[in-house]
Every structure is written in C-alpha cells, then in structure tokens.
Amino acid sequence: MTEVTLDGVNKLFGSVTAVKDFNLSIDDSEFVVFVGPSGCGKSTTLRMLAGLEDVSSGSILIDGQIVNNVHPKDRDIAMVFQNYALYPHMNVFDNISFGLRAKKLPRNEIETRTYEAAEILGLNELLKRRPGELSGGQKQRVAMGRAIVRKPKVFLFDEPLSNLDAKLRHKMRAEMKLLHQRVQTTTVYVTHDQVEAMTLADRIVIMNEGQIEQVGSPAEVYKKPSSQFVASFIGSPAMNFATGVISQTNQGNSLVTENGEDITLVDCDITDARKIQLGFRPEHMLLSEKTKSSKGHVCVNARIKVVEPMGHETVLTCNAAFGEIVGKCEGDKQFQVGEDIHFQIRSDHLHYFDFTTGLRI
Amino acid sequence: MTNFWSKLSIKQKLAITAWFFLAVPLVFYVTIRFYPTFEAFYVSTLKWNLLGVKKAIGLKNYVKIFADEDFWLVLWNTTKYALVGVPISMIIAFVIAYWLNEIKFGHNLIRAMYFIPFLTTAVAMAWVWRWFYQPLPIGYFNILLSWIGIPQQPFLKSVTQGLYSIMAPAVWAGLGFQIVIFIAGIRAIPRSYFEAAEIDGAGRWQILREITLPAMKPTIIFLTVISTIGFLRIFDQVYTMTADSAGGPLNSTKPLVLMIYEFAFDEFKIGRASALTVILFLILLMVSLMQLWLMRKHK
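Going line by line, the protein sequences match chains E and U. Count the first sequence with my numbering and you get residues 1 to 361, in order. Count the second sequence with my numbering and you get residues 362 to 660, in order.
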C-alpha cells in the first residue's frame with residue numbers, strides 16, 4: 001500500500017520557475033502519467049520524487065512520510081531512465097541484481113529474485129550478456145527488470161520508450177501495461193507522447209509551463225479538456241480551433257470569426273459578444289452535402305488543400321474561411337485537392353474555450 | 362594539371378590535400394627523430410668515441426652492459442621509480458580528482474593550482490625541493506620534523522631515502538596532468554549511471570567500486586602507461602638534485618637515462634650508450650604494447 005502526495009511543490013532553478021504549485025495525490029497501485037511538451041517540468045517533478053533534485057518549497061510524501069530530505073536510496077523507489085542507464089561493464093544478471101547487492105541480501109535470495117524478474121520479462125536467455133550485445137527492446141526490459149527486482153514502493157519512469165522505434169514502442173507499451181497489471185506497484189510515468197499517456201494511464205496529469213493544466217482519466221481529458229492547451233495537446237491529429245465572437249440572434253447563437261465568417265451554433269448559451277475559441281476534433285467531423293448548420297449539428301465549409309490517404313482512413317487538411325482545419329474521413333472515399341467540402345459536427349462534440357484565459361466554458 | 366586534378370575522385374583529392382599538409386612535419390620527424398632512432402641500433406654495434414674511427418664489434422656492447430653490476434643496479438632503480446611512483450601518483454591523483462569533482466566552489470582555481478607544477482620546468486622545481494631537503498636550519502622538511510620531535514633525516518644524502526626523495530617532486534610534478542585526465546574521465550561517465558545507482562540504494566563505496574572505477578578503466582590504463590613511461594625515463598630530477606649530478610649517493614638514485622648520458626657525454630662511449638638506449642627503447646616498447654593489448658581486451 002503506497003500513496004504518493006505532492007503538496008504545493010515548487011522548483012526553482014535560479015530565478016527560473018520549473019515547477020509551480022504542484023498538488024497531486026497518487027493512490028495505491030495507481031498508474032499516473034505526467035505528460036506535456038518539453039520543458040513543462042514533468043521530468044523535474046519526477047526527479048524531485050526520486051530525490052535527484054531538491055524541492056524548493058512544498059513537500060513530497062510517500063506513505064504519509066515527508067521525504068523532502070530523504071536520500072534517494074532510502075526512499076524505496078525504482079526508476080527507469082530514458083537512456084536505460086545500464087552499466088556497460090556488467091552483464092544482465094549483475095545489472096538486474098545491482099540494487100539487491102546494494103541491500104546486501106543473502107546470495108541465494110539475490111539469485112532467486114533476479115531469476116524471477118528475468119522470468120517475468122523473458123530475459124532468462126540473456127543473463128550472461130552485456131548491455132552492448134542487446135537490442136533496444138532488450139535493454140529496455142533489463143532496465144525494467146532492475147526496477148521490479150527490488151519490489152519498491154513506487155516505480156518512476158522517465159520517458160522510457162522514447163529511444164525505441166515506433167513498432168517496438170507499441171510492443172513495449174503493451175508489455176508495460178501487462179507488467180503493471182501483474183505487479184500492481186504505484187507508478188509515475190513521464191512522457192511527451194500523448195498516445196503513451198492515453199493508453200497507459202489510470203490518470204493523466206497534463207502539464208504546461210511548470211503547472212498542472214488538468215488531472216483526469218484518459219476519457220475525461222479527451223472528452224472534457226479543461227483548457228484550450230489540453231484540448232490541443234490530447235488527440236491526434238490535434239483539435240481544430242476557430243476564433244471568434246459570439247453573436248446572439250433570433251435564431252440562436254452564432255460565432256463570427258475574425259474575417260467575418262458566420263458559423264451558426266446549436267445548443268449554445270454563451271453570452272453575447274464574448275470572444276471564444278471553438279474547438280472540434282478531426283474524428284468528429286462528418287462529411288455532408290449540407291452547407292448550413294442543421295438540427296443538433298454545426299456546419300463548417302472548407303476547401304481541400306492536402307489529401308493524406310492512410311488506408312483505413314484519409315486525413316484531409318483543408319482551408320476554412322477562419323483558418324486551416326484537419327478532418328478525418330473513411331478510407332474508401334476519393335478526394336480531389338481544391339474540392340469544396342462540408343463538414344457537420346454534432347453539437348455535443350463542440351468545445352468552447354474563453355479566448356483570454358483559454359479555460360473551458 | 363587541371364585535367365589531372367579534375368579526374369580525381371573526392372576521396373583522392375581529400376587524401377592529396379591531407380598529405381600536402383602532413384608533408385612538412387613528416388619530413389621533420391623522419392630526419393630528426395626516426396633516422397637517428399634507427400641509427401642508434403647501428404651505432405650500438407660500434408666502438409666509437411664520437412670523433413675517432415668507428416669499429417664494428419657486433420653485440421659486445423650489450424654483453425658488456427649485461428656483465429656490468431652497475432647496470433643491474435640502475436635497472437632496479439629505474440624499476441623502483443616506476444613501480445612505486447606510478448601507483449602512488451595515480452592513487453593521490455584519483456583521490457584528489459574524485460573529491461575535486463564533487464565541489465563547485467573554487468573548482469577551477471584548485472585545479473589550476475594542481476596543474477601549475479606540470480607547467481614548471483623540472484630543473485627550477487628540483488632546486489626548490491633540494492632546498493626543502495636541507496638539514497636544519499634551512500630545510501623545511503627537517504624543520505617540520507624537529508617541531509614534532511622526529512630526528513633529522515638525511516633525505517638526498519641517504520642510499521635508502523635518496524631515491525624516494527627524488528621521486529616525490531616527480532610525483533608532485535605529474536599530479537596536475539593526472540588529475541585533469543581523471544576528472545575528464547569521471548565526467549565522461551553518464552550522470553544517469555550514478556543517479557540510477559543512488560536510487561538503487563548503492564552507497565558511495567559500492568558506486569566507486571562497481572561503477573566509477575570500471576567505467577574509468579580506459580583512463581586508468583592510459584594514465585598508467587603514460588606515467589610508467591614517464592618514470593622509466595626519469596632524468597631531470599636526478600640530474601639536478603644529486604651531488605655532481607651523479608645519481609648518488611653510491612649510484613643509489615641513478616636511472617637508466619642518466620647512465621646513458623654518462624656513457625655518452627662523460628665517457629664518450631657512444632656505442633655503449635646507444636646499446637643502452639636500445640635496451641630502454643625495448644622496455645618502453647613492451648609497456649606500450651601491453652597498453653594496446655589491455656585496451657583491446659577491454660573492448
């Protein structure tokens with residue numbers, strides 16, 4: 001049973017604030033992913049959890065104990081590094097058992113636990129090899145082995161899959177999930193890849209410029225992004241945005257974009273003259289013959305600029321009057337560059353954000 | 362000419378340009394260094410006093426050297442310089458480098474201070490040390506000893522202490538270089554190794570033994586070989602610190618290079634000196650080959 005709490009944690013490097021007022025409670029055996037663009041403070045937060053960086057203010061608690069001044073080796077955590085940090089002069093067995101030898105456990109226990117970890121990760125055949133003789137995926141597994149063999153209270157992962165190619169990353173992602181289901185250790189995982197975050201996490205923490213933007217389950221952050229930043233960060237291709245001012249008419253609200261285009265909105269009760277950003281996801285844009293908004297749907301008209309067929313679907317980059325938008329369509333349709341096209345978006349798939357604060361309305 | 366140049370491949374053009382720039386140093390090395398080196402092999406088979414007739418005597422010079430009791434004493438002295446000097450200097454340099462790497466404040470200043478002796482001429486330094494070793498009331502070391510109530514030591518005047526008294530400034534002079542190389546070696550180890558080890562619960566000693574030292578094996582081998590060669594070629598310190606530059610007392614501090622010098626320029630036995638040079642050359646060659654072999658094994 002391990003809970004991790006970050007209470008008002010700040011980190012300053014000189015005069016630069018890397019992490020600002022970070023508050024989070026991580027439950028026992030929960031898999032939490034910190035995600036955000038580079039420099040958003042996610043790795044720094046993880047390193048503070050590990051004890052590799054000092055906390056400037058606030059406190060970090062593991063199992064209710066403040067660990068701010070506890071040395072990394074006494075925190076009972078394990079960490080997997082982006083470059084794996086495998087010791088090149090030791091074979092796989094010695095690499096995995098390093099932490100156990102540090103604890104000065106009896107020889108037979110070291111062996112049993114190392115073989116057990118190797119078994120879980122399918123490394124039995126490789127125990128005599130040196131890291132230099134391993135492939136990227138195998139190295140990754142050894143790094144995970146070094147973490148699980150110690151049976152720590154918390155696992156920390158710092159972008160562990162970013163050095164792998166796309167195919168292997170997919171495979172290791174699945175293995176990682178399987179591993180967590182098996183060992184049920186509280187895990188904090190840092191990545192800049194929103195797909196990794198969505199697929200692995202029980203809860204996602206989206207960070208931007210040192211601050212938490214939103215904490216929630218993958219479904220929550222996808223369906224109800226709390227800010228325009230989260231909305232644009234989660235999802236691929238990214239969400240489309242139209243900037244404009246709400247104009248109330250007898251027929252209902254509409255969004256008047258900067259260049260005068262009028263998008264009729266449905267089921268929208270935002271006050272008149274408020275400047276907003278309207279967001280909609282590529283996968284929610286339905287092709288239609290209709291050129292006007294109709295019941296329960298909002299219409300967006302555009303001209304095709306780039307066609308990217310992917311087989312099962314086709315991604316269309318189009319010019320709308322208010323800017324560039326990206327849409328997703330079924331793969332069996334044919335498109336021509338320069339063709340005029342009309343999309344209908346269900347009103348409950350629309351997201352409204354305040355223009356100045358970026359917050360969800 | 363233009364036609365010839367344009368017909369060449371890019372690789373050939375690059376090679377020709379490179380050789381053009383290498384030509385001058387190459388000529389210099391061949392005439393000033395390599396030719397005399399090979400000449401020494403030839404001269405080592407001669408009886409020659411630098412001016413008179415050259416007389417071929419085959420391997421007699423070598424036979425005489427091996428029959429000379431002094432040669433074995435000098436060879437043993439030289440070995441002692443290397444055998445004691447190398448580990449002592451390496452350990453001191455590593456300890457300093459290890460802790461110097463931990464501090465930020467004053468790091469560069471302290472490192473520069475350690476490096477200064479390496480830049481100072483051996484002769485000037487040796488003379489200062491010679492003063493340190495003087496008896497009371499001049500020598501600092503004896504003054505220090507008198508403060509803590511230890512009897513006066515003869516240092517350079519002793520057959521047992523002389524060699525180590527000369528070794529000390531040699532160790533001290535080389536320390537700066539070794540420290541700089543060691544720090545570079547420590548810094549080349551990825552930080553994440555240390556962080557991972559720390560998180561895994563390893564203490565300072567385990568990290569040093571299982572991570573830092575093995576990761577620094579190439580640096581350690583390189584420095585061992587460089588300083589071994591340095592100590593085997595020791596000359597300046599002995600020449601300047603011993604009475605009449607004779608490697609005394611009673612040849613107890615005399616190294617091979619000083620013996621070569623004496624053969625050549627005191628006794629004018631150029632053949633004998635060359636033969637001894639060849640012997641030293643072979644010893645140094647073996648040390649270098651051993652390094653190559655160790656480095657290959659490491660990979």
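Ideal Cβ placement from N, Cα and C applies to all residues, glycine included. Owing to the predicted nature of the structure, the values given are computational and were not obtained by experimental measurement.
Which of helix, strand or coil DSSP assigns to residue i
i, result
"E:L255", "strand"
"E:D94", "helix"
"E:H297", "strand"
"E:D354", "strand"
"E:D158", "strand"
"E:H64", "Per the sequence shown, the amino acid found at residue 64 of chain E is Gly instead of His. Three-state DSSP puts E:G64 in coil, outside helix and strand."
"E:R203", "strand"
"E:D27", "coil"
"U:S649", "helix"
"U:M577", "coil"
"U:P610", "coil"
"E:M79", "strand"
"U:S507", "helix"
"E:A18", "strand"
"U:K465", "coil"
"E:Y84", "coil"
Min CB distance residue i to chain U below 8 Å
i, result
"E:G99", "yes"
"E:K153", "no"
"E:K73", "yes"
"E:F93", "no"
Partners in chain U for residue i, counting only beta-carbon separations shorter than 7 Å
i, result
"E:L52", "E556"
"E:A78", "I560"
Residue burial classification, residue i (beta-carbon count within 10 angstroms, cutoff 16)
i, result
"U:R570", "exposed"
"U:I527", "buried"
"E:N23", "exposed"
"U:E556", "buried"
"E:T271", "exposed"
"E:A166", "exposed"
"U:K361", "Not covered by the structure: residue 361 of chain U. The range shown for chain U is 362 to 660."
"E:D262", "exposed"
"U:N485", "Looking at the sequence shown, residue 485 of chain U is not Asn but Ala. U:A485 comes out exposed."
"E:G132", "exposed"
"E:Q214", "buried"
Residue i - containing alpha helix (DSSP H), residue span
i, result
"E:R182", "A166 to V183"
"E:Q228", "Q228 to F233"
"U:L472", "Per the sequence shown, the amino acid found at residue 472 of chain U is Arg instead of Leu. Counting along the chain, the alpha helix (DSSP H) containing U:R472 begins and ends at H468 to L480."
"E:T114", "R107 to L121"
"E:I345", "Note, E:I345: premise wrong, no alpha helix (DSSP H); beta strand (DSSP E) at D340 to R346."
"E:M239", "Run containing E:M239: none; DSSP gives neither H nor E here."
"U:Q495", "It is not in any alpha helix (DSSP H) - U:Q495 carries neither H nor E in the DSSP assignment."
"E:M48", "K42 to A50"
"E:E220", "P218 to K223"
"U:Y554", "R552 to I560"
Cross-chain neighbours of residue i in chain E, by beta carbon under 8 Å
i, result
"U:P579", "Those within 8 Å of U:P579 in chain E number zero; the least Cβ separation is about 11 Å."
"U:P551", "N83 and A85"
Enclosing beta strand (DSSP E) for residue i [first to last residue]
i, result
"E:K328", "G323 to E330"
"E:K11", "V4 to F13"
"E:M285", "M285 to S288"
"E:E313", "E313 to A320"
"U:I624", "Rather than Ile, the amino acid found at residue 624 of chain U in this sequence is Phe. That residue, U:F624, is in no beta strand (DSSP E); its alpha helix (DSSP H) goes L617 to F626."
"E:D262", "D262 to T264"
Under 9 Å from the C-beta of residue i: neighbouring residues of chain U
i, result
"E:Y87", "Y554, A557, A558, E571, I572, P575 and A576"
Any chain E beta carbon closer than 8 Å to residue i
i, result
"U:A563", "yes"
"U:P478", "no"
"U:Q567", "yes"
"U:P397", "no"
Residue i: contacting residues in chain U (beta-carbon distance under 8 Å)
i, result
"E:K103", "G562"
"E:N259", "Those do not exist, as E:N259 stays about 51 Å from chain U at its closest Cβ, beyond 8 Å."
"E:N163", "Ordered by position in chain U, no residue passes the 8 Å Cβ test against E:N163, which lies about 12 Å from the chain."
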